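Structure first, then comments.
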Amino acid sequence: MTSQDAQLSQERPTSIRFLVLALSCGTSWYLYLHRYAFALIKPTLVEEYGLGKDDLGLLDLCFSVTYSVFQFPAGVIADVAGAHIFLGVVIILSSIALAMHAIPNVTMLAVARALFGTAQAGAFSSVSRITRIWFPSSSRTMAQGLAGVAFGRIGGMSSNLVLAALLIGYFGLDWRIGIFIIAGGGLLHGLLHLMLFRNSPREHSWTNDSEVELIGDNEPPPSNEPKVGLLDRIRNTNTNKRALVNLAFLNAASTFSTIADNIYSAWIPLFLFEEYKLEFKEMGIYSALPLLGGAIGGACSGFINDWLIRATGNRRWTRSLIGCIGKCGAAAILGVALLYRDSPYVFCSILLFVKIFADSSLSTRWGTVTDISGNATASVFAFNNAVAGVGAMVAPIVYGFVSESFGWTPTFLIACGAYVLCGLSWLMVDCTIQLFPDPFAEEDGIEDHGPDK
C-alpha cells in the first residue's frame, strides 16, 4: 500500500449523501404537499363552480392522463441526462402549475391539472435514480423508504394541516392565497436543488474519495458514448420472457395499489365534508391521520426491508411477503374501519393503521425496481408508474361515479378489493429476476435465492 493509499483509507468520509437525502426528502415532501392540495379545495370548487363529484373526477383524470403519458419519457431523460437539471426544472414547473389552479376559470383549472401531471411525471423516477446512485445497497431501501414514501406522506399530511387547517381554517385566508404560499415554497426548493445537488458522488465537489468509495461505484464512469434508456436496452438485450412476466406482475401490484391510494389523495377531504359537515380546520386534521400512518409505514418498511434481507439472506421473499402482508392487512383493517363510520375521529384513526400496512409495501416496490433494473432505474421506475397510471385514470372516474350514485361505503369497498389484488400480485413478484444485468452493482453478501440461482 502506498502512502497515498494509506492516507485515503484513513480519511473520514464526508457526509454529502445525507445532504442529498435531505434534498430528496424535501422534494418528496413538496411534491405531495402540492398534489394533495386539490383534494382539499374540492368542497370550495363545488360551491364556487357548481361541480359534481363526477366533474371533479374528470379534473382528476386531467392530472392522471398526463402524469401517466409522460412518465416513461421523463424516466428516460432522467437516466440519460441525470437528475440535477431535470428534477430542478420539474419542481419549478410543478409549482407554477399549482399556482395556476387559482385562476378563476374551470377550463384553466383543467389546463392547470394537465400541466401539473406533466411536471410531476418525472419527479419520482428521478428520486429513484438518486437513491440508487447516492446510497450503497445495504442502506438503499432505508433511503427509499424515507425519501420515496415517508416524506411524501408527510407532505400530503402537511397539505391537510398547513393549507386546510392552518392557512384556510385558522387564519381564514382565501384558498387561492394558500395555494400561492405553498407554490412559492416549491419554487424556492427547486432553486435549492439546482444549487446543491449533483448527479453522482464523483461529480460533487464537496464529496471526498472515501465517501465515493463508501457509496460504491453505482454508476458507470463518464463516457463519450451516448447513454441509452429502457427501450434501447430491451432492443439490445436478450431479455427473457420470465423477466417480462415478472415485470408485468410488479406493474399489476402497482396498478392496484394506485387504485386504492386514490381514495386518500383525492376523496377523503370531500368525504369528511359531506358525511360529517366538517369545516376546513377539522377536515384538515382528521384527513391528515391516514397520511401520518403512511409516513410511519414507509419509513419503518425501509429499515425492515434492509434488516430482514441482511438477517435472512433472502431478498426475494423479504420483498414479496412485506408487499403481500402489507396490502392484505390494509384491506382487513379498512373493512373494520367501515364498521365505525359514525365517528370521523374513530374512522380516520383506524385509517391511520390501514395506511401503516398499505404503505409498508411502497418501500418494497422502490427496492424491487432498483433490484431488477440495473442502471436503467429511472426508466424502469417510470415505466412501472406509467402502467400504474391506468389505475390513476380509472380510479377517479369510478370513485366519482360510485360515490355520487351509491354512496361512500361501496367506494371504500372498491379500495378494499384493490388492496387484496395488490397483495396477491406481490406473491408473484421475484426481485431476483433482473430485467437488465447490472455490471456496476456492488456485492452485498446476500444470496438472492431466486429461481435462477
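To get the working numbering, take the position in the sequence shown, counting from 1, and add 127.
No residue lacks a Cβ here, since even glycine has one placed at the ideal position from N, Cα and C.
As the structure is a computational prediction, the values presented were derived from the model and not from experiment.
Comparing C-alpha positions only, which one of the options sits nearest to residue i?
{"i": "Phe197", "options": "Asn512, Phe563, Tyr526", "result": "Asn512"}
{"i": "Tyr413", "options": "Ile423, Gly424, Phe400, Gly425", "result": "Phe400"}
{"i": "Gly534", "options": "Leu548, Arg468, Trp261, Ala515", "result": "Arg468"}
{"i": "Leu416", "options": "Ser221, Glu175, Leu478", "result": "Leu478"}
{"i": "Phe510", "options": "Gly450, Val496, Leu242", "result": "Val496"}
{"i": "Arg267", "options": "Asp486, Thr491, Leu183, Ile524", "result": "Thr491"}
{"i": "Gly456", "options": "Lys180, Cys549, Ile309", "result": "Cys549"}
{"i": "Gly249", "options": "Val529, Ala505, Phe563", "result": "Ala505"}
{"i": "Glu138", "options": "Leu341, Ile460, Phe307", "result": "Leu341"}
{"i": "Ile541", "options": "Gly518, Thr559, Gly450", "result": "Gly518"}
{"i": "Pro584", "options": "Gly501, Leu293, Gly343, Pro170", "result": "Lying before the first or after the last residue shown, residue 584 is absent from the chain, which here runs from 128 to 580."}
{"i": "Ile524", "options": "Pro231, Leu371, Ile390", "result": "Ile390"}
{"i": "Leu448", "options": "Val463, Ser428, Gly462, Ala464", "result": "Ser428"}
{"i": "Ala270", "options": "Ile560, Phe528, His316, Asp433", "result": "Asp433"}
{"i": "Lys180", "options": "Pro396, Val556, Thr559", "result": "Pro396"}
Between the C-alpha atoms of residue i and residue j, what's the straight-line distance to the nearest angstrom?
{"i": "Trp156", "j": "Leu466", "result": "32 angstroms"}
{"i": "Asn367", "j": "Ile499", "result": "13 angstroms"}
{"i": "Tyr526", "j": "Pro328", "result": "44 angstroms"}
{"i": "Leu172", "j": "Leu225", "result": "15 angstroms"}
{"i": "Met128", "j": "Ser337", "result": "Residue confidence for Met128 is low, a pLDDT of 46 falling below 50, so the modelled location carries little weight; the figure read from the coordinates is stated next. Going by the C-alpha atoms only, they are around 16 angstroms apart."}
{"i": "Glu352", "j": "Ala205", "result": "No answer about Glu352 holds up, because its pLDDT of 45 lies below 50 and its placement is not dependable."}
{"i": "Leu188", "j": "Gly516", "result": "10 angstroms"}
{"i": "Gly296", "j": "Ser552", "result": "41 angstroms"}
{"i": "Val203", "j": "Tyr546", "result": "30 angstroms"}
{"i": "Leu148", "j": "Glu175", "result": "41 angstroms"}
{"i": "Thr364", "j": "Leu554", "result": "Per-residue confidence for Thr364 stands at a pLDDT of 49, beneath the threshold of 50, marking its modelled position as unreliable; the derived number appears in the next sentence. Those two C-alpha atoms are separated by around 27 angstroms."}
{"i": "Pro585", "j": "Leu374", "result": "Residue 585 lies beyond the residue range present for the chain, which begins at 128 and ends at 580; the question has no answer from this structure."}
{"i": "Phe430", "j": "Ser222", "result": "31 angstroms"}
{"i": "Leu405", "j": "Val339", "result": "52 angstroms"}
{"i": "Ala485", "j": "Arg446", "result": "14 angstroms"}
{"i": "Leu186", "j": "Arg442", "result": "40 angstroms"}
{"i": "Cys543", "j": "Tyr194", "result": "24 angstroms"}
{"i": "Leu290", "j": "Leu419", "result": "16 angstroms"}
{"i": "Ile460", "j": "Trp394", "result": "19 angstroms"}
{"i": "Ser350", "j": "Tyr472", "result": "A caution first: Ser350 carries a pLDDT of 48, below 50, which makes its placement in the model unreliable, though a value can still be read off. Using only the alpha carbons, I get a separation of about 57 angstroms."}
{"i": "Thr334", "j": "Gly313", "result": "27 angstroms"}
{"i": "Ala370", "j": "Arg256", "result": "21 angstroms"}
{"i": "Gly244", "j": "Leu160", "result": "14 angstroms"}
{"i": "Asn502", "j": "Lys169", "result": "41 angstroms"}
{"i": "Tyr163", "j": "Ser392", "result": "6 angstroms"}
{"i": "Gly184", "j": "Thr439", "result": "45 angstroms"}
{"i": "Ile308", "j": "Ser191", "result": "24 angstroms"}
{"i": "Val583", "j": "Tyr403", "result": "Within the shown structure, residues of the chain are numbered from 128 to 580, placing residue 583 beyond reach of any answer."}
{"i": "Ser470", "j": "Ser476", "result": "10 angstroms"}
{"i": "Gly356", "j": "Phe563", "result": "Residue confidence is low: Gly356 scores 48 on pLDDT, short of 50, so the model does not pin down where it sits. No coordinate-derived value is stated."}
{"i": "Val254", "j": "Gly299", "result": "35 angstroms"}
{"i": "Cys451", "j": "Val514", "result": "20 angstroms"}
{"i": "Leu293", "j": "Phe165", "result": "16 angstroms"}
{"i": "Ile560", "j": "Met410", "result": "45 angstroms"}
{"i": "Thr154", "j": "His316", "result": "7 angstroms"}
{"i": "Ser252", "j": "Thr258", "result": "10 angstroms"}
Please find out if some non-hydrogen atom of the ligand SAH comes closer than 7 angstroms to the beta-carbon of residue i.
{"i": "Lys454", "result": "Within the structure as shown, the ligand SAH is missing, as the structure has no ligands at all."}
How close, in whole Å, do the beta carbons of residue i and residue j come, if the pair is a contact with beta carbons under 8 angstroms?
{"i": "Ala237", "j": "Met227", "result": "About 11 angstroms separates the two Cβ atoms, so there is no contact after all."}
{"i": "Leu288", "j": "Cys152", "result": "The Cβ separation is near 17 angstroms, so there is no contact."}
{"i": "Trp261", "j": "Arg144", "result": "5 angstroms"}
{"i": "Ala387", "j": "Val556", "result": "Their Cβ separation, rounded to whole angstroms, is 17 angstroms, which puts Ala387 and Val556 out of contact at 8 angstroms."}
{"i": "Ser487", "j": "Gly453", "result": "4 angstroms"}
{"i": "Ser286", "j": "Leu167", "result": "6 angstroms"}
Do three or more CB pairs link the segment 207-227 to the segment 318-338 at distances below 8 angstroms?
Short answer: they touch.
Specify whether the segment 420-437 and the segment 269-287 touch according to this definition: at least 3 beta carbon pairs, one from each stretch, less than 8 angstroms apart.
Output reads yes: the segment 269-287 touches the segment 420-437.
Which full runs of the beta strand (DSSP E) of 3+ residues lie inside the segment 221-269, going along the chain?
Listed in chain order, nothing qualifies, since the segment 221-269 has no complete beta strand (DSSP E) run of 3 or more residues.
What are the uninterrupted segments assigned as alpha helix (DSSP H) that are 4 or more residues long and contained completely in the segment 483-556, given in chain order?
Fully enclosed alpha helix (DSSP H) runs of 4 or longer: 487-500, 504-532, 535-553.
With a floor of 4 residues, list each alpha helix (DSSP H) that falls wholly inside the segment 380-420, ordered by position along the chain.
Scanning the segment 380-420 from its first residue to its last, the whole alpha helix (DSSP H) runs of 4-plus residues come out as 395-403.
Ranges of the alpha helix (DSSP H) found wholly within the segment 151-180, counting only runs of at least 4
Every alpha helix (DSSP H) of 4 residues or more that sits fully in the segment 151-180 is shown, in chain order, as 164-176.
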